[in-house]
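In the UniProt record's numbering, the protein residues as written are 1 to 239.
Beta carbons: idealized from backbone N, C-alpha and C, even for Gly.
Values in this document were obtained by computation on a predicted structure and should not be read as measured data.
One structure is given below, encoded as C-alpha cells.
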C-alpha cells in the first residue's frame, strides 16, 4: 500500500537501519556504531534473552541492524516499505507493533545513558571515536576523488571513468565496511503502530528545509557535536 509522496515540514523522528554488507559481527563496525547498533531479527547475533528488535513480518535481508539513536530529519517520506512477498493487506508493509516501538524508544534512551557512563570511565573514548570517524571520512574522500578521475582512450574522443564508482548511500558516500545494502528507513510513529517508511534525502525537499543526509556515520558527527563541552552528555533525546 504505497502512500503518496509527502514532506515533513516539522520533521520526523527516525532511526536508521542498515545491513553493513550483511555482517553479523558487531566488532566489524566502528566503535561508535558498536555502542548504538541493535540486531533486527533475523540476525546471527541474536541469542535467547539478548536485546533485539522484531518487525512484522520478519525483516529481510538477514543480519540487519537498527542504529538506536533517534533524531529528526526533514526529508520526504516516500511511503511504507513494501513486503512484496505477501498478497495479504495486513502484511503488505513492515511495521513495529506498539510494544516493540516503545521497546526501541527505551533502548535509544538506554544507549545514551550507557554512552555517558562509558565516557565518564574512559575520557579518551570520545576522541578515539572521532578519530575513527575522521579516518573513515578521509577514506571516503580519497575513494570519491579516485572515482572522479577520468582517462581518455588512445586515439579517441570518448572519455571513460578510470575507476569504478564506490558503493554509495542515498545522500552520502559509504566505505565498504559500513555500506548498507538497504535504503535508509524511518520508524514513522502512527499511533499504535510504527510503519517502516522509506525516506528520501532532504536535498530533494524544499530549499527552505535544513539539509539532511542519511549516512549512518553521521551519527558520529551528531554525537561529537553534542560532546564539545566536557560537561555535556553525548546526545539529547529527540522531541
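Going straight from the alpha carbon of residue 106 to that of residue 132, what length do you get? 27 Å
Going by alpha carbons, who is nearest to residue 96 out of 119, 53 and 76? 53
Exercise. Could you tell me if residue 93 is buried or exposed, where buried requires 16 or more neighbouring beta carbons within 10 angstroms of its beta carbon?
Key: buried
Query - Separation of residue 70 from residue 11, as counted between CA atoms - result: 12 Å
- Message: To the nearest angstrom, how far is the alpha carbon of residue 21 from that of residue 138?
- Response: 20 Å
Could you tell me if the beta carbon of residue 104 falls within a distance shorter than 7 Å of some heavy atom in the ligand FMN? This structure simply doesn't include the ligand FMN, nor any ligand for that matter.
> What is the DSSP secondary structure of residue 71, reduced to helix, strand or coil?
Replying inline: strand
Q. If we call anything under 8 Å between Cβ atoms a contact, is residue 39 one with residue 45?
A. In this structure, residue 39 lies near residue 45, with their beta-carbon atoms less than 8 Å apart.
Using three-state DSSP, classify residue 115 as helix, strand or coil.
helix
Candidates 50, 122, 104 and 23, of which the one nearest residue 13 by Cα:
Closest in alpha carbon position to residue 13, among 50, 122, 104 and 23, is 104.
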